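The structure appears below as structure tokens.
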Amino acid sequence: AQSVAQPEDQVNVAEGNPLTVKCTYSVSGNPYLFWYVQYPNRGLQFLLKYITGDNLVKGSYGFEAEFNKSQTSFHLKKPSALVSDSALYFCAVRSVTGRRALTFGSGTRLQVQP
Amino acid sequence: DAGVIQSPRHEVTEMGQEVTLRCKPISGHNSLFWYRQTMMRGLELLIYFNNNVPIDDSGMPEDRFSAKMPNASFSTLKIQPSEPRDSAVYFCASSLDRDRGSEQYFGPGTRLTVT
Chain A
1 AQSVAQPEDQ VNVAEGNPLT VKCTYSVSGN PYLFWYVQYP NRGLQFLLKY ITGDNLVKGS
61 YGFEAEFNKS QTSFHLKKPS ALVSDSALYF CAVRSVTGRR ALTFGSGTRL QVQP
Chain B
1001 DAGVIQSPRH EVTEMGQEVT LRCKPISGHN SLFWYRQTMM RGLELLIYFN NNVPIDDSGM
1061 PEDRFSAKMP NASFSTLKIQ PSEPRDSAVY FCASSLDRDR GSEQYFGPGT RLTVT
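Keeping their order, the protein sequence lines are chains A and B. With this note's numbering, letter number 15 in the first sequence gets 15, and the count goes up by one each step, no holes. With this note's numbering, letter number 90 in the second sequence gets 1090, and the count goes up by one each step, no holes.
The following block contains the structure:
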């Protein structure tokens, strides 16, 4: 079975400060990892993914994520938060060899204060 | 370039009525996914199709739910009869599933309210 944990329901950060949204995963074999963002009344938008190679992945809107195999984590980061980054963020995992469907975490609400 | 298209965007119906949600995936994509999002249960995969064939329907709640994909450009999710606990936002997503690393593209969702 595959699963994703996002331990924080909400993350608050001041504009201009760095942000981190945490994600840990469990999967049989090697993982494919994804981050999505959801703005109010909208569908999920793809931000970035880890497939293989460099553990630091860069994505849309200045976001990046670091894959750590030993800690089974894939935390989302941004050096300087914007108010417009305020949204719901989902981490997702897919097994290289097992179930083809994505398994999503419960989501973390990011609130960036001006 | 149109993304995933879903209709209707909002649906309000009475318990016992039939509800049909529609999805047009991105042209050229070969996989289609139906998800349901609620506050209590988060984002759940209901069913997914690959090359118009249902591959995994283990997330379909019960026999009241059915999904079809008659061709590569159209899919429906039907609930008959609907119940208040079916109230949720239903998302359709598609991907070009060359390998398991392909990302999915989501539609705007259909907000279903069953009274």
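C-beta atoms are modelled at their ideal positions from N, C-alpha and C, and glycine is treated no differently. Everything numeric in this text was worked out from a predicted model, so none of it was measured.
Quiz item: Between D1056(B) and E15(A), what straight-line distance do the alpha-carbon atoms span, to the nearest angstrom?
Solution: Along the second sequence, one-based indexing puts residue 1056(B) at 56. Along the first sequence, one-based indexing puts residue 15(A) at 15. The straight-line gap from Cα to Cα measures roughly 42 Å.
Quiz item: If you follow the beta strand (DSSP E) that K49(A) is part of, which residue opens it and which one closes it?
Solution: Your numbering for residue 49(A) matches position 49 in the first sequence. It spans L44 to Y50 - the beta strand (DSSP E) in which K49(A) sits, taken as one unbroken run.
Quiz item: Among residues of its own chain, excluding the 5 on either side of G59(A), which ones have a beta-carbon nearer than 6 Å to its beta-carbon?
Solution: Position 59 of the first sequence, counted from the first residue, corresponds to residue 59(A). Contacts found: L47 and L48.
Quiz prompt | As assigned by DSSP and simplified to three states, the class of V21(A) | solution = Taking the first residue of the first sequence as position 1, residue 21(A) is located at position 21. In this structure, V21(A) counts as strand in the three-state DSSP scheme.
Quiz item: Are the beta-carbon atoms of A1067(B) and L1077(B) separated by less than 8 Å?
Solution: Residue numbering aside, residue 1067(B) sits at position 67 when the second sequence is read from its first letter. Residue numbering aside, residue 1077(B) sits at position 77 when the second sequence is read from its first letter. In this structure, L1077(B) lies closer than 8 Å to A1067(B) by Cβ.
Practice problem: Grab me the residues of H1010(B)'s own chain with a C-beta within less than 6 Å of its C-beta, minus the 5 sequence neighbours each way, in chain order. | Solution: Residue mapping note: residue 1010(B) aligns to position 10 of the second sequence, counting from 1. Counting only Cβ-Cβ distances below 6 Å, and skipping sequence neighbours, we find R1111.
Self-check item: Collapsed DSSP secondary structure at P1070(B) in the structure displayed
Solution: Position 70 of the second sequence, counting from 1, holds the residue named residue 1070(B). Of the three classes helix, strand and coil, the one that applies to P1070(B) here is strand, per DSSP.
Quiz prompt | Closer than 8 Å to chain B by CB, F63(A) | solution = For this step, residue 63(A) is matched to residue 63 along the first sequence. Judged by the 8 Å Cβ criterion, F63(A) is not in contact with chain B.
Exercise. Mark P114(A) as exposed unless 16 or more other C-beta atoms lie within 10 angstroms of its C-beta, in which case mark it buried.
Key: On the first sequence, position 114 is the one that residue 114(A) refers to. That one is exposed.
Quiz item: Can you tell me whether K78(A) is buried or exposed, with buried defined as 16 or more other CB within 10 angstroms of its CB?
Solution: Position 78 of the first sequence holds residue 78(A). Looking at its Cβ environment, which holds 16 or more other Cβ atoms inside 10 Å, K78(A) is buried.
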